[in-house]
Amino acid sequence: MANIRLDNVSVNFVLYQGGARSLKKTLLRSSTSGALRYDAHDRITVNALNGLSLTLEHGDRLGLIGGNGAGKTTLLRVLAGVYEPTGGRIRVEGRVTPLFDLGLGMDMDASGYDNIRMRAAYFGISPADIERKMDDIAAFTELGDYLSLPVRTYSSGMTLRLAFAAATAVDPEILLMDEWIAVSDVKFLEKAQRRAEGFVNRASIMVVASHMENVLRRLCNKILWLDHGTIVRFGPVDEVLEAYNEKTGLPSLTTMAL
């Protein structure tokens, strides 16, 4: 059974550039912010996560909230194994499917079909299983003959379709999402949302970061409120959102209703 356990997990990033201008550029480039400190070697560090303890089990649907730099994306990347904690311990049992940075790892010189196979192998799907799913994936992308061409010939929207279709062909155990789906093609957006909802329902555990209250209420049964890498509140959706709204106000989204 899938489960996640974090014990006093912290993540610190060392900023090697000196000077205020370089520091600002580094923070913007890394998409990470948090409490700035000096370490034992007088290097500036960003405390992106600070002593997080959390347990998630089968059936948990966790929403992450907080302002920019709260630590939401950093936590997702820790759960995905992209970042190693610099303090504390993390245990993740179950296959992790990150539904963010979708284009990362794409081979631009390989065909769409070959990229689907490579993504499937990354997620632990056998070659036989992916071939059985290939027709469904190909139909969902609506890319037709382009699937036989190198991905470098695709537009950004076509690449997103390919990556999304390949990622959601997996039966997830632990699903990680950074914001809900946003694509410019309204017709494809509707398809993607329907597919993603089925994907979410099949997951044993889901963690999603979002600024959209309707998404959080629809998908989640727990909320974790972060501020500068520290847990402010963790608990039932209504309770935490009410507390968050009282302090900051959480904008709802009406143009992308599920």
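Count along the sequence shown from 1, add 3, and you get the number used in this note's numbering.
Built from N, CA and C at the ideal position, the CB exists for glycine as well.
DSSP three-state call for residue i: helix, strand or coil?
i           : result
residue 94  : strand
residue 215 : coil
residue 1   : There is no way to answer for residue 1, as the model of the chain reaches only from 4 to 261.
residue 246 : helix
residue 181 : strand
residue 23  : Residue confidence is low: residue 23 scores 47 on pLDDT, short of 50, so the model does not pin down where it sits. Its coordinate-derived value is still stated next. Residue 23 falls in the helix class under three-state DSSP.
residue 251 : coil
residue 126 : coil
residue 233 : strand
residue 201 : helix
residue 238 : strand
residue 84  : coil
residue 2   : Residue 2 cannot be examined here, being either before or after the span of the chain that is shown, 4 to 261.
residue 54  : strand
residue 261 : Residue placement at residue 261 cannot be trusted, given a pLDDT of 43 that sits under 50; the coordinates are not used to answer.
residue 169 : helix
residue 174 : coil
Please confirm whether residue i and residue j have their CB atoms less than 8 Å apart.
i           : j          : result
residue 178 : residue 76 : no
residue 247 : residue 68 : yes
residue 225 : residue 10 : no
residue 219 : residue 66 : yes
residue 210 : residue 82 : yes
residue 52  : residue 14 : yes
Going by other Cβ atoms of all chains shown within 10 Å of its Cβ, with 16 needed for buried, is residue i buried or exposed?
i           : result
residue 122 : buried
residue 129 : exposed
residue 166 : buried
residue 4   : exposed
residue 58  : exposed
residue 238 : exposed
residue 111 : exposed
residue 199 : buried
residue 118 : buried
residue 50  : buried
Who does residue i pair with in a DSSP beta bridge?
i           : result
residue 13  : 90
residue 7   : 59 and 95
residue 159 : None, per the DSSP bridge assignment.
residue 102 : 180
residue 207 : In the DSSP output, where bridge partners are listed per residue, residue 207 has none listed.
residue 153 : 114
residue 227 : 67 and 237
Does the segment 71-86 touch the segment 230-249, meaning 3 or more C-beta pairs lie closer than 8 Å?
Touching, per the Cβ criterion.
Is it a yes or a no for the segment 196-208 touching the segment 161-176, going by three-plus beta-carbon pairs under 8 Å?
yes
Touch check for the segment 105-112 and the segment 152-163: three-plus C-beta pairs under 8 Å?
Yes, the segment 105-112 is in contact with the segment 152-163.
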